[in-house]
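Accompanying notes for the structure given below.
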Amino acid sequence: MNPLTWEAPLVLTWAALFGIVLVRAGSTYLLGRLARAGAGRFPRIQRVFTSHRYRRAETLVGRWGAPLVAASFLTVGFQTMANLAAGAARMPLARYLPALAIGGACWALIFATIGIAGFAAVGAAYTRWPVATLCIGAVVVVALTALVLVRHRARPPED
13 MNPLTWEAPL VLTWAALFGI VLVRAGSTYL LGRLARAGAG RFPRIQRVFT SHRYRRAETL
73 VGRWGAPLVA ASFLTVGFQT MANLAAGAAR MPLARYLPAL AIGGACWALI FATIGIAGFA
133 AVGAAYTRWP VATLCIGAVV VVALTALVLV RHRARPPED
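Here it is as structure tokens:
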């Protein structure tokens, strides 16, 4: 499924992506609500709720609430934890659903426009310079992996 060959108008692409994000983020919120009640029974769930990333998300959601949930859709890597924390904190649906709708709409618009254009640019670069594109891609992957590892090692140990 190559998104560059889709003949769908932008509105239809946006609507499909919006539906996907509503289901995915809404499910994460629901899992947070369900898991919080039984977190003590399952070590794997307990590890998620005691992780540094989750505690950070929970603190920020507690401080900023629904606006943070909406803004989390503009980030990479924080979105899932923010939705999970909102569910675990039992954020009322009257606050969560508007944040989900606004954040999800922005996310879908970004991916329907800039995301597809970025995919097209990488495809065009690969068509013209496949070796250079693969080398640059490998360098980016190695750099991001190194960044994640350095940040992980610099983090204080979990309690």
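Residue numbers for the sequence shown follow our numbering, so the first one is 13 and each next one is one higher.
Glycine included, C-beta positions come from ideal geometry on N, C-alpha and C.
### Task
Drop a sphere of 10 angstroms on the beta-carbon of residue 33, count the other beta-carbons inside from all chains shown, and report buried for 16 or more, exposed for fewer.
So residue 33 ends up on the buried side.
### Query
Are residue 138 and residue 99 close, meaning C-beta to C-beta below 8 Å?
Not in contact: residue 138 and residue 99 (Cβ atoms no closer than 8 Å).
### Task
Could you check how far apart the C-beta atoms of residue 11 and residue 107 are, in whole angstroms? I think they sit under 8 Å.
What the structure shows of the chain is the stretch from 13 to 171, and residue 11 is not part of that stretch, so it cannot be assessed.
### Query
Straight-line CA distance for residue 147 to residue 53?
Each residue's Cα considered, the two are about 46 Å apart.
### Task
Note down the Cα distance separating residue 116 from residue 76, rounded to an integer number of angstroms.
Straight through space, the alpha carbons of residue 76 and residue 116 are spaced by roughly 18 Å.
### Query
Applying the criterion that 16 or more other CB atoms from any shown protein chain within 10 Å of the CB defines a buried residue, is residue 19 buried or exposed?
Residue 19 comes out exposed.
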